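Here's the structure, in structure tokens; my notes come after.
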Amino acid sequence: MTRQDNFIYLTFALILLLLGTSLAQQFFDDAVPRLVQSTIIVTLLVAVWGVDSKDFVLRKTFIFPLAILVFSFFGAWLDDAGFDQLYLLLLLSFFVSSALRTAKQVLFTGDIDGNKILGAICLYLLMGLIWAVLYTLVQLSFPGSFTNISSDSAWFTLFPDFIYFSFVTITTLGFGDIAPLLPISRFLVYFEAIVGQFYLAILVASLVGSHMSNFGKNDNSAKQANLSNTRQKNTR
-10 MTRQDNFIYL TFALILLLLG TSLAQQFFDD AVPRLVQSTI IVTLLVAVWG VDSKDFVLRK
50 TFIFPLAILV FSFFGAWLDD AGFDQLYLLL LLSFFVSSAL RTAKQVLFTG DIDGNKILGA
110 ICLYLLMGLI WAVLYTLVQL SFPGSFTNIS SDSAWFTLFP DFIYFSFVTI TTLGFGDIAP
170 LLPISRFLVY FEAIVGQFYL AILVASLVGS HMSNFGKNDN SAKQANLSNT RQKNTR
């Protein structure tokens, strides 16, 4: 895995993990969604943090099942001990740091290729996951912050619902089946919509700027080549 192909793996992994979270919530009990959500950490750790790290331990195939079990056990222990909010804060910190690392590879970093376009998609998905964690934290800290959300549910049962709500918000769909009630939850909702729109504007500007830069370089190269050919003909 290198900087030329890491976002290919991350894109498919994030899509499959989001789909897996929905399927686990639909057809299984609470233990399976928690296990699926734990794989998000492993996937991001490998696809984002493992780039250009030849000796990175998670590149070894045998470590994947062990890592998933460790994260699941750690999450279960925190929930049982009443530290589920601490676990969410750790998860939030990891998502934010992963998003920043992804942004450094994607935005305003030279020529745009297919891998960077996929990276931009991954960054958009990471932003949705960051706000999903924030909504879950708010709901746990201030029960009743959102309509149609249970006030006594565990975080790993709330998280899939807030993933759905987060992506509905960041894309400004606004179905209205879940709505914020408290000032802090309302702030997070409209701020996510603003950030999502500005991100798209910045992304388009980055793509256009890179294209124009490449176009200018190619145009200058063509002019220099024509000038060189003209000079060679004149010397003859």
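In the working numbering, the protein residues as written are -10 to 225. The C-beta atom is built at its ideal place from N, Cα and C for all residues, glycine as well. Just so it is clear, the structure is predicted and the values come from calculations on it, not from any experiment.
Where the alpha helix (DSSP H) through residue i begins and ends
i      : result
Thr171 : Note on residue identity: the sequence assigns Leu, not Thr, to residue 171. Element bounds for Leu171: n/a, residue is neither H nor E.
Pro132 : Note, Pro132: premise wrong, no alpha helix (DSSP H); not H, not E.
Asp141 : Counting along the chain, Asp141 falls outside any alpha helix (DSSP H), and DSSP gives it neither H nor E.
Leu77  : 73 to 95
Neighbourhood of residue i by C-beta distance below 7 Å, restricted to the same chain and skipping five residues each side
i      : result
Val59  : none
Thr0   : Leu107, Ile110, Cys111
Val257 : Absent from the model: residue 257. The displayed extent of the chain is -10 to 225, so no value can be given.
Helix, strand or coil at residue i [DSSP, three-state]
i      : result
Leu189 : helix
Leu47  : Caution is warranted here: a pLDDT of 46 is assigned to Leu47, below 50, making its placement in the model unreliable, and the coordinate value is therefore given only provisionally. Leu47 falls in the helix class under three-state DSSP.
Gly108 : helix
Ser156 : Residue 156 is actually Phe in this sequence, not Ser. In this structure, Phe156 counts as helix in the three-state DSSP scheme.
Leu147 : helix
Gly163 : coil
Thr136 : coil
Ile101 : coil
Phe1   : helix
Phe180 : helix
Neighbourhood of residue i by C-beta, 6 Å cutoff - its chain only, sequence neighbours within 5 removed
i      : result
Leu126 : Leu77
Leu192 : Ala109
Cβ of residue i within 8 Å of any chain D Cβ
i      : result
Leu189 : Protein chains in the displayed structure number just one, and chain D is not present.
Same chain, Cβ closer than 8 Å to residue i, five either side skipped, listed in chain order
i      : result
Ala211 : Bear in mind that a pLDDT of 49 at Ala211, under 50, signals an unreliable position, so the model cannot answer this.
Leu81  : Ile119, Val122, Leu123, Leu126
Phe131 : Leu171, Ile173, Ser174
* Pair every Cβ in the region 109 to 117 with every Cβ in the region 87 to 97, then say whether three or more of these pairs are closer than 8 Å. => yes
* On the three-pair Cβ rule with 8 Å, is the region -6 to 13 touching the region 142 to 158? -> yes
* Asked: Okay, do the region 98 to 111 and the region 174 to 187 touch, 3+ Cβ pairs below 8 Å being the bar?
  -> no
* Give a yes or no on contact between the region 171 to 178 and the region 137 to 145, applying the rule of three or more CB pairs nearer than 8 Å. => no
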